[in-house]
Amino acid sequence: MTEDIFSVETTYFADVILPVPIPRMFTYRVPRHFVADIKIGARVIVQFGRNRVVTAVVGKIHTKPPEKYQAKYILELLDTDPLITEAQLWLFEWIAEYYMCCIGEVMNVAVPSGLKVSSQSRMQLNPDFDHPELLEEKEIEFIEILKVHNSLTYDDAIKFIGEKNINPLIKSLISKHAIIMYEEVKEKYKPKVAKKIRLKRGYEGSEEVLNLIDSLTKSPKQQTIILEYLRYVPINELAEKNNLGIDKSALKQGEISDSALSTLIEKGILEQFEVIVSRFGDDTPEEPLKITLTDAQQAASDDIIQNFAEKDIVLLHGITGSGKTEIYIDLIQKVLDGGSQVLYLLPEIALTTQIVVRLKRVFGDKMGVYHSKFSDNERVEVWRGIVDGRYQFVVGVRSAIFLPMDNLGLVIIDEEHETSYKQFDPAPRYHARDVGIMLGLKQGAKILLGSATPSIESYYQAKTGRYGLVTLNQRFGEAQLPDIQLVDLKAERKAKNMKNDFSSILFNQIHQNLQNKEQTIIFQNRRGYSPYLNCQECSWVSECQQCAVSLTFHLQSKELRCHYCGHKEEVPKVCPVCGSGKIRTIGFGTEKLEDDLKIMFPTARTQRMDLDTTRTKNAYQNIISEFEQGGTDILVGTQMISKGLDFDQVSLVGIFDADRMIHFPDFRASERAFQMLTQVSGRAGRRAKKGLVMIQTNNTQQSLLQKVVTNDYIGYYNDEILEREGYMYPPFARIISITIKHEEEEKAEKAAHWLANKLLEKLGKARVLGPEKALIERIRNKFLFDILIKLEKDKLNIKAAKSFLREKIDELHQTKEHKDVDVVVDVDAV
DNA sequence: AGCACGCCGACT
DNA sequence: GTCGGCGTGCTC
Numbered sequence: 001m002t003e004d005i006f007s008v009e010t011t012y013f014a015d016v017i018l019p020v021p022i023p024r025m026f027t028y029r030v031p032r033h034f035v036a037d038i039k040i041g042a043r044v045i046v047q048f049g050r051n052r053v054v055t056a057v058v059g060k061i062h063t064k065p066p067e068k069y070q071a072k073y074i075l076e077l078l079d080t081d082p083l084i085t086e087a088q089l090w091l092f093e094w095i096a097e098y099y100m101c102c103i104g105e106v107m108n109v110a111v112p113s114g115l116k117v118s119s120q121s122r123m124q125l126n127p128d129f130d131h132p133e134l135l136e137e138k139e140i141e142f143i144e145i146l147k148v149h150n151s152l153t154y155d156d157a158i159k160f161i162g163e164k165n166i167n168p169l170i171k172s173l174i175s176k177h178a179i180i181m182y183e184e185v186k187e188k189y190k191p192k193v194a195k196k197i198r199l200k201r202g203y204e205g206s207e208e209v210l211n212l213i214d215s216l217t218k219s220p221k222q223q224t225i226i227l228e229y230l231r232y233v234p235i236n237e238l239a240e241k242n243n244l245g246i247d248k249s250a251l252k253q254g255e256i257s258d259s260a261l262s263t264l265i266e267k268g269i270l271e272q273f274e275v276i277v278s279r280f281g282d283d284t285p286e287e288p289l290k291i292t293l294t295d296a297q298q299a300a301s302d303d304i305i306q307n308f309a310e311k312d313i314v315l316l317h318g319i320t321g322s323g324k325t326e327i328y329i330d331l332i333q334k335v336l337d338g339g340s341q342v343l344y345l346l347p348e349i350a351l352t353t354q355i356v357v358r359l360k361r362v363f364g365d366k367m368g369v370y371h372s373k374f375s376d377n378e379r380v381e382v383w384r385g386i387v388d389g390r391y392q393f394v395v396g397v398r399s400a401i402f403l404p405m406d407n408l409g410l411v412i413i414d415e416e417h418e419t420s421y422k423q424f425d426p427a428p429r430y431h432a433r434d435v436g437i438m439l440g441l442k443q444g445a446k447i448l449l450g451s452a453t454p455s456i457e458s459y460y461q462a463k464t465g466r467y468g469l470v471t472l473n474q475r476f477g478e479a480q481l482p483d484i485q486l487v488d489l490k491a492e493r494k495a496k497n498m499k500n501d502f503s504s505i506l507f508n509q510i511h512q513n514l515q516n517k518e519q520t521i522i523f524q525n526r527r528g529y530s531p532y533l534n535c536q537e538c539s540w541v542s543e544c545q546q547c548a549v550s551l552t553f554h555l556q557s558k559e560l561r562c563h564y565c566g567h568k569e570e571v572p573k574v575c576p577v578c579g580s581g582k583i584r585t586i587g588f589g590t591e592k593l594e595d596d597l598k599i600m601f602p603t604a605r606t607q608r609m610d611l612d613t614t615r616t617k618n619a620y621q622n623i624i625s626e627f628e629q630g631g632t633d634i635l636v637g638t639q640m641i642s643k644g645l646d647f648d649q650v651s652l653v654g655i656f657d658a659d660r661m662i663h664f665p666d667f668r669a670s671e672r673a674f675q676m677l678t679q680v681s682g683r684a685g686r687r688a689k690k691g692l693v694m695i696q697t698n699n700t701q702q703s704l705l706q707k708v709v710t711n712d713y714i715g716y717y718n719d720e721i722l723e724r725e726g727y728m729y730p731p732f733a734r735i736i737s738i739t740i741k742h743e744e745e746e747k748a749e750k751a752a753h754w755l756a757n758k759l760l761e762k763l764g765k766a767r768v769l770g771p772e773k774a775l776i777e778r779i780r781n782k783f784l785f786d787i788l789i790k791l792e793k794d795k796l797n798i799k800a801a802k803s804f805l806r807e808k809i810d811e812l813h814q815t816k817e818h819k820d821v822d823v824v825v826d827v828d829a830v
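Residue numbers for the first sequence follow UniProt numbering, so the first one is 1 and each next one is one higher.
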């Protein structure tokens, strides 16, 4: 906003992005005193609706007054430098359009809530009020309270009055001009401060200090404090170092009493002051790590760089344990040296582990970490660190793509096949891999995708030459790929060899492994003890009241839990239908395997790692550290254990329920099964020792399993790509999944049919599948119907198709019968 | 999404 | 007669 600031007559308007799911911007008037400073990307505070005050981001500045309504004024301008860069705004808009959501929803996930503003309505007396005779008794009472407290929030007022509904009272007082409401606006971000202690001026000379100590002989406690202080700040360095002071907490380590310390402060000898510190500490990294690549790694690295000369995107297909991280580090180093920024994306779980420590040792404080378990304040610090140029390199999870980097030279997306890169629940339902690619391309960066089991989509792009392809077929160092064996459950059952759910072959191997003092991993991708309970007399099954799924039995918490809506209930002692006590568990989850193992191997140290044991911030890390240090013999876990963890001493991996993964009714089931089996197998035998993997299955002839055994990714890919082509699934088509929800099944079904028919008219029936009942037909008391749209990549104008879809959904919501159904659109659903 | 307005049931 | 239930519609 520079060109027109002299034309005082011009009125400016700003179209702002509000954090609400409404697919448009809102126009506000720019007050004259903000005209000179307001910029696109700056945060503003505006009133939205009658009583809401929200933080918005300026998307556009113009002079065209809205025709149909009176624009409200912007209340406050929060940034003189834009918080959101133009590059980010562009990306937000791209996401909103591509994933068919509102830009406000994108803004909501992108901006850490620490950068949003909290506002609270406060009320106070109107100093000009001079008609007390207008007030009623209740009102006078409240005015008296307000006189004592100066100002109150709404909640305060409720407490003092002792009633829930104070609205009429407040409204009446406002209309009588007895009180006024105002908004207190404050930033949520609070810098972290450290309390520090130093000698007050006049005492920091060596002579003065010695005199001071002498003078304190009668107050030995105080003397000790001064002496303690001098341990940290030696007397001969007082002149330079006293100013910095020392942490109050450090001083209080010794036998220091609080009262003696405060006496010294009161006497004006010591003083306490506060400094703003980083939440990430200034942990001086342990000795810096220098990476040397093996020949194979070096070759791959060279290959990647060569590919980058022609292609923006390269897929690195490196088998588990091939040491992809070292290659990344080497590349990151090079890009940073060239003065560009680097973004390194990892799936959530892989980030909590050793990798951050390792990266920190290489990159020190140039590196920012962005994790979802971080608090808001920590996120804001990473954000600010990037803006201030402190962080040239960020390693982070999915949402790190929203950080304000504007000079990217390299984007790395590790474990690119991971479906957790796709946000599912609240919109925007974006895929961080695809957005990361977009983000990188826009900034002229190179993009490196890495995986041992690439997604079919990415591998296809590489095979057809759109991405470069680099393959790394050799494990790092001495390590070899494990032997993978299929255990024939049918035969084991026939021979009556099963011990609970363990085949004798696996059982014996675990036993052997324990004797050898080697570690075992047991993989079962299902948590809880058993997926349902069943009455032997009347065939009752534990079911969720709100969802069409069974309730999982959790032994540890002694509960039945719904994994979809979170509903919990007590475990019934007798069958709730027939009163029989013969209730049994059916099927098994991690809890049961853990339980069985504890019974079968009572002396083994067994640990479980799944969502239930890793709820708290450090639980995950603790389990892993314990395992790494050899404190655990057998680790039982869900897919959590398969994500990029390096365990050196694991010589046996046992895999349960592989068949269920393979036969899941979804076109991606086999892809996911292959990836999961290969990744979990990859945890075995990572150093020198050759590991063993045992997969229990009812069908040892299964072709997918055969490919897992021979580690034949390409063979698997060749099979799968034919299927995909035959049925027009990705990568040959884009899919958009539409879910219609309503409490009444019939309403949901009818609306779904209405919409599907409308879509059919234009798209044809090859492109519109369904509607059909969702796999889980009811969740949280809403019935779900799915429509799947397949849009061929080459022949179709995807943008036009999407806007057509948008139109039809709007139309649906305008018809009387269907307007109250929920419609969820998921572009590129995984 | 929130939030107010508005029109119907069960209570002082 | 009022409180308060949640359906409906709007927000610059």
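Just so you know, even glycine gets a beta-carbon here, dropped at the ideal spot from N, CA and C.
- Taken through DSSP and simplified to helix, strand or coil, Q297 comes out as helix.
- With the rule of 3 Cβ pairs closer than 8 Å, the segment 333-352 counts as touching the segment 401-412.
- For H511, the secondary structure class from DSSP, reduced to helix, strand or coil, is helix.
- Taking C-alpha positions only, H818 is separated from V487 by approximately 52 Å.
- DSSP links A56 through a beta bridge to V44.
- A contact is defined here as three or more CB-CB pairs under 8 Å, and the segment 544-551 meets this definition with respect to the segment 567-581.
- Taking C-beta atoms as the reference points, T613 and A604 fail to come closer than 9 Å.
- A straight-line Cα-Cα distance of about 11 Å links G114 and N108.
- Nearest Cα to I143 within the set T710, A491 and I174: I174.
- Take the alpha-carbon of M367 and the one of I412: they are about 14 Å apart.
- For the pair I246 and K252, the Cα-to-Cα distance works out to about 11 Å.
- Every unbroken stretch of the alpha helix (DSSP H) spanning 4 or more residues and falling wholly within the segment 414-442 is given here in chain order: 432-442.
- Restricting attention to A495, G579 and I521, the CA atom closest to the CA of N534 is found in G579.
- Out of N307, E237 and G726, the CA that lies nearest to the CA of G465 is found in N307.
- Apart from the 5 residues on each side of it in sequence, A260 sits with its Cβ closer than 7 Å to the Cβ of K221, Q222 and I225 in its chain, given in chain order.
- When the five nearest sequence neighbours on each side are left out, the beta carbons in the same chain lying within less than 7 Å of the beta carbon of I22 are those of C102 and G104, in order along the chain.
- When secondary structure is reduced to three states using DSSP, H33 falls in the helix class.
- Annotation: the continuous alpha helix (DSSP H) that includes S259 extends over D258 to E266.
- Excluding five sequence positions before and after E310, the CB atoms of its chain that fall closer than 8 Å to its own CB belong to G468, given in chain order.
- When the beta-carbon positions are compared, K60 and D15 come within less than 9 Å of each other.
- L244 counts as exposed, since fewer than 16 other beta carbons sit within 10 angstroms of its beta carbon.
- The alpha-carbon of S670 is positioned some 30 Å away from that of H753.
- The beta-carbon distance between V830 and Y99, rounded to whole angstroms, is 13 Å. This is too long to meet the 8 Å contact definition.
- Looking at the DSSP output, M367 sits in a beta bridge with F393.
- Of the residues A673, G49 and L83, the one whose Cα lies closest to the Cα of Q70 is G49.
- A straight line joining the alpha-carbon of E97 with that of I437 spans about 16 Å.
- The C-alpha of N236 is placed about 15 Å away from the C-alpha of L212.
- Contact annotation: R683 and V650 have beta-carbon atoms nearer than 9 Å.
- The beta carbon of E743 sits closer than 8 Å to those of N781, K782 and F783, all from its chain and outside the five residues before and after it, given in chain order.
- Look at D337 here: in three-state DSSP terms it is helix.
- One alpha carbon belongs to C562, the other to Q536, and they sit about 22 Å apart.
- In the displayed model, H567 falls within coil according to three-state DSSP, outside both helix and strand.
- By the Cβ-count criterion, S372 is exposed, with fewer than 16 other Cβ atoms from all chains shown falling within 10 Å of its own Cβ.
- Contact between N497 and S504 holds: their C-beta atoms lie close to 4 Å from each other, under 8 Å.
- For L705, the enclosing alpha helix (DSSP H) begins and ends at S703 to V709.
- The residue from A239, P428 and P191 with its alpha-carbon nearest to that of S375 is P191.
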